[in-house]
């Protein structure tokens, strides 16, 4: 299980991504939220520390799903399902960044 200080699963996921990736994803998500007219919902609610992900508006959830690679269960599922998705998404980025470039090779 991944442990961070933030209660918001979206904030935890973003905090665990490589810094440059998180910055790019955050900008892309914010731009799409502005484009669909949901930036205020995102800014005032979705990224709040104590936000219940199941209360996220569907169109906002779709933007986040598209940019971060999470599924609907990230918003509607249990805490365990969210943690599994956070682990899966972050692991994929680190494997791509390190193993893909030959910087880090897992021990057989």
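Numbering (this note's numbering), first residue to last: 10 to 117. Think of the CB as a built atom: it goes at the ideal place given N, C-alpha and C, for glycine as much as any other residue.
Sequence-distant residues of its chain with Cβ nearer than 8 Å to residue i (five each side left out)
i	result
residue 101	78
residue 99	11, 22, 25 and 26
residue 58	15, 16, 17 and 20
residue 6	Given that the chain is displayed from residue 10 to residue 117, the structure contains no residue 6 and the question cannot be resolved.
residue 56	17, 19 and 20
When the options are compared against residue i, the one with the closest alpha-carbon
i	options	result
residue 67	83, 58 and 16	83
residue 87	56, 69, 63 and 104	63
residue 45	81, 70 and 18	70
residue 52	32, 39 and 76	39
residue 42	91, 73 and 29	73
Distance between beta carbons of residue j and residue i, contact taken as under 8 Å
i	j	result
residue 80	residue 94	7 Å
residue 37	residue 76	5 Å
Own chain residues within Cβ distance below 7 Å of residue i, not counting five before or after
i	result
residue 54	60
residue 29	none
residue 47	66, 68 and 69
residue 50	66 and 69
Nonlocal neighbours in the same chain, by C-beta distance under 6 Å from residue i, ignoring five residues either side
i	result
residue 90	82
residue 33	none
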